[in-house]
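Just below is one structure, and these are the notes that go with it.
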Amino acid sequence: MTPSPLTFDQPHPFLGKLIIVEGIDGSGKSTQLLLLKKWLEAKGLNVVFTEWNSSALVRETTRRGKKSKALTPTTFSLLHATDFASRLYHNILPPLKAGLIVLADRYVYTAFARDAVRGVSPRWVRKVYNFAIRPDMAFYFNVPIEVAISRLLGGTRAQMKYYEAGMDLGLSQDITESFRIFQSRILAEYDKIVSEYGLITMDATKDIEEQQNEMRGVVSTALADYRPKRGTHGKRTLFWRRFDVPKSE
Amino acid sequence: MESGRYFGDGLTYLNPSDLKGKLIAIEGTDGVGRSTHIEMLQEWLEVQGYGVVTTGWTRSNLMSRTIEVAKQGNILDRWSFSLLYATDFADRLEHQIIPALRSGFVVLADRYIYTAFARDFVRSGDRNWIRDVFGFAIVPDLVCYLRIDVDTLALRVIETSGMNYWESGMDLKLGADLYDSFKKYQASLIEEFDKMAEEFHFEVVDARKPPDEIQEALRTTIQPILKNGRQQLAQMPKQADRTAGQPTTDAPTSFSSTA
Chain A
133 MTPSPLTFDQ PHPFLGKLII VEGIDGSGKS TQLLLLKKWL EAKGLNVVFT
183 EWNSSALVRE TTRRGKKSKA LTPTTFSLLH ATDFASRLYH NILPPLKAGL
233 IVLADRYVYT AFARDAVRGV SPRWVRKVYN FAIRPDMAFY FNVPIEVAIS
283 RLLGGTRAQM KYYEAGMDLG LSQDITESFR IFQSRILAEY DKIVSEYGLI
333 TMDATKDIEE QQNEMRGVVS TALADYRPKR GTHGKRTLFW RRFDVPKSE
Chain B
912 MESGRYFGDG LTYLNPSDLK GKLIAIEGTD GVGRSTHIEM LQEWLEVQGY
962 GVVTTGWTRS NLMSRTIEVA KQGNILDRWS FSLLYATDFA DRLEHQIIPA
1012 LRSGFVVLAD RYIYTAFARD FVRSGDRNWI RDVFGFAIVP DLVCYLRIDV
1062 DTLALRVIET SGMNYWESGM DLKLGADLYD SFKKYQASLI EEFDKMAEEF
1112 HFEVVDARKP PDEIQEALRT TIQPILKNGR QQLAQMPKQA DRTAGQPTTD
1162 APTSFSSTA
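Chains as they are written, first to last, in this note's numbering: chain A, 133 to 381; chain B, 912 to 1170.
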């Protein structure tokens, strides 16, 4: 392996584009990213999607650690960093080099915010993630805590999860109250991160389609100079077939 | 360890100043005989009445299985490789090492952060990132470095356990077969260990000598460390103390290295 000159401080040199979304649970960021994906694909672009904490390498370990509640703030942080490293290497870097568009649901900023709230040194987390690739566009879906809670309780995910509610911090016995305190602190961290890294802030209280239109407008402008190498072939699944396959009647 | 300190950016939620025990790391490359000597050291220390806890690389509850699986699958990139070990280390640090030190145990660590430094460096050529990652590690009271040359090592490993994929650094594609790769990989690890020995003031022990001489050298190096913190160490009750026999006071205190 050759020394990698890539660091988080500078833009990446690859042909592809990396677009990421951030925000607390219930901010609607995943919905917005899904809609963006539909739109890009409809335009004939090749899009790759990846989400936080999903690599095969450590998913099982994280699940076990969470279940037995044996994770400390530091092992929690490092496990997620390992997951991220593995996805960066296998799922993000190759498509970016090949000139595709990569969409990431949560990125390193999630770690910066959550781990700082858990009590890990903010400077240390940033150093750990220094191998990350700087995204071309980073959207932050800003939502007041009460809106997020009502969306989570009334919506698709009726149950809050132990670590997502910060129950490991012993903030409150009541999971909703714990979620409120924990996620409020995360919101405060995000505020700092937005100015530190220049994330594009979206008003996540607006209607879904209104946010999506705004998002598409920003992405359009940013992709003006983007020339997919062979992206238009992606949706033509029969492109390579030279001979007709006889169909049975 | 009168006042523990962190290697870099430490654990903000854990104050390391009340660690009464001693942290002794035994470093050295693969197959150099670390675990054998740690077993003998533990015996020696316990006979003297010291409480001893041993901890070893990849032995955490959280990560040992994951690392096994990852190695089998051969799916590791440089960052995941190092971060898996860092997670394992953090788990052991917070669940084993720090609690033991707080209770006054002597902790014998089979490998420490320097192993991770060497391995990451030969894979990346970069020293900074991995040292930043391990900033939360407690600086040991003593690092004993079992030093060996690569020719002696190659013979010894072939005679005992045999060469394996990871100890030969086969992921780096350095040589055509296990033997060539092993020599190149281990030579670069040893070179990096040697550099760190100066930078971090390791106590160097010549691992080419017969086992009993190595053990003797290790004990001579460790002895003075124990005496200094003797009052605070976990010991057997006072009465049993006298019969068990304490470290003798006439041990050479100025002795620092055997190589």
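From the three backbone atoms N, C-alpha and C, an ideal C-beta is built for every residue, glycine too.
Bear in mind that the values here come from a model prediction, so they are computed numbers and not experimental data.
According to DSSP, simplified to helix, strand and coil, what is residue i?
i: residue 197 of chain A; result: helix
i: residue 969 of chain B; result: coil
i: residue 346 of chain A; result: helix
i: residue 1068 of chain B; result: helix
i: residue 190 of chain A; result: coil
i: residue 211 of chain A; result: helix
i: residue 943 of chain B; result: coil
i: residue 1132 of chain B; result: helix
i: residue 1141 of chain B; result: Reliability of the predicted coordinates at residue 1141 of chain B is poor, the pLDDT of 49 falling under 50, and no value is obtained from them.
i: residue 1115 of chain B; result: strand
i: residue 1148 of chain B; result: At residue 1148 of chain B the pLDDT is 46, less than 50, meaning the model places this residue with poor confidence and gives no usable figure here.
i: residue 360 of chain A; result: coil
i: residue 143 of chain A; result: strand
i: residue 979 of chain B; result: helix
i: residue 249 of chain A; result: helix
i: residue 138 of chain A; result: coil
i: residue 296 of chain A; result: coil
i: residue 353 of chain A; result: helix
i: residue 339 of chain A; result: coil
i: residue 1062 of chain B; result: helix
When you compare the CB positions of residue i and residue j, do they come within less than 8 Å of one another, or not?
i: residue 1080 of chain B; j: residue 1072 of chain B; result: no
i: residue 140 of chain A; j: residue 262 of chain A; result: yes
i: residue 311 of chain A; j: residue 297 of chain A; result: yes
i: residue 279 of chain A; j: residue 214 of chain A; result: no
i: residue 937 of chain B; j: residue 1020 of chain B; result: yes
i: residue 267 of chain A; j: residue 151 of chain A; result: yes
i: residue 188 of chain A; j: residue 220 of chain A; result: no
i: residue 1012 of chain B; j: residue 931 of chain B; result: yes
i: residue 1046 of chain B; j: residue 919 of chain B; result: yes
i: residue 968 of chain B; j: residue 1022 of chain B; result: yes
i: residue 943 of chain B; j: residue 1069 of chain B; result: no
i: residue 273 of chain A; j: residue 334 of chain A; result: yes
i: residue 168 of chain A; j: residue 283 of chain A; result: no
i: residue 180 of chain A; j: residue 271 of chain A; result: no
i: residue 962 of chain B; j: residue 1016 of chain B; result: yes
i: residue 212 of chain A; j: residue 178 of chain A; result: no
i: residue 924 of chain B; j: residue 205 of chain A; result: yes
i: residue 1113 of chain B; j: residue 1054 of chain B; result: yes
i: residue 1050 of chain B; j: residue 916 of chain B; result: yes
Going by DSSP, what residue range makes up the alpha helix (DSSP H) through residue i?
i: residue 1058 of chain B; result: Taken as a continuous stretch (DSSP letters only), residue 1058 of chain B belongs to no alpha helix (DSSP H), being part of the beta strand (DSSP E) at 1053–1058.
i: residue 333 of chain A; result: Where residue 333 of chain A is concerned, there is no enclosing alpha helix (DSSP H), although the beta strand (DSSP E) it sits in stretches over 332–335.
i: residue 284 of chain A; result: 277–286
i: residue 1000 of chain B; result: 989–1003
i: residue 1031 of chain B; result: 1024–1035
i: residue 272 of chain A; result: Per DSSP, residue 272 of chain A belongs to no alpha helix (DSSP H); it is in the beta strand (DSSP E), 269–274.
i: residue 1103 of chain B; result: 1089–1110
i: residue 1038 of chain B; result: Counting along the chain, residue 1038 of chain B falls outside any alpha helix (DSSP H), and DSSP gives it neither H nor E.
i: residue 1084 of chain B; result: Looking at the DSSP string, residue 1084 of chain B is not in any alpha helix (DSSP H), and its letter there is neither H nor E.
i: residue 174 of chain A; result: 161–174
i: residue 329 of chain A; result: 307–329
i: residue 255 of chain A; result: 254–260
i: residue 229 of chain A; result: 225–229
List the DSSP bridge partners of residue i.
i: residue 938 of chain B; result: B:1056
i: residue 933 of chain B; result: B:1017
i: residue 1122 of chain B; result: Per DSSP, none; premise fails for residue 1122 of chain B.
i: residue 236 of chain A; result: A:152, A:182
i: residue 1049 of chain B; result: B:917
i: residue 266 of chain A; result: A:143
i: residue 963 of chain B; result: B:1017
For the beta strand (DSSP E) containing residue i, name the first residue and the last one.
i: residue 151 of chain A; result: 149–154
i: residue 1078 of chain B; result: Premise fails: residue 1078 of chain B is in no beta strand (DSSP E) and is neither H nor E.
Could you tell me if the beta carbon of residue i falls within a distance shorter than 7 Å of some heavy atom in the ligand ZN?
i: residue 168 of chain A; result: In terms of ligand content, the structure shown is empty, and the ligand ZN therefore cannot be addressed.
Could you tell me whether the Cβ of residue i comes closer than 8 Å to any Cβ of chain C?
i: residue 262 of chain A; result: Considering every chain present, this structure includes no chain C. Its protein chains are A and B.
For this session: Tell me, please, whether the stretch 289–309 of chain A touches the stretch 219–236 of chain A by the rule of three or more beta-carbon pairs shorter than 8 Å.
Result: As far as the Cβ criterion goes, the stretch 289–309 of chain A does not touch the stretch 219–236 of chain A, which means the pair count is below three.
For this session: For the stretch 966–983 of chain B and the stretch 234–241 of chain A, state whether three or more C-beta atom pairs, one from each stretch, are separated by less than 8 Å.
Result: With the cut-off at 8 Å, the stretch 966–983 of chain B and the stretch 234–241 of chain A do not touch.
Exercise. Just checking, does the stretch 979–999 of chain B make contact with the stretch 1055–1067 of chain B on the three C-beta pairs under 8 Å criterion?
Worked result: Taking one beta carbon from each stretch, the stretch 979–999 of chain B and the stretch 1055–1067 of chain B have fewer than 3 pairs nearer than 8 Å; the two do not touch.
For this session: Take every Cβ of the stretch 241–252 of chain A, pair it with every Cβ of the stretch 1035–1042 of chain B, and state whether three or more of those distances are shorter than 8 Å.
Result: In short, these stretches do not touch, since the Cβ pair count stays below three.
Exercise. Do the stretch 1095–1102 of chain B and the stretch 938–945 of chain B touch if we need at least three Cβ pairs shorter than 8 Å?
Worked result: Yes, the stretch 1095–1102 of chain B touches the stretch 938–945 of chain B.
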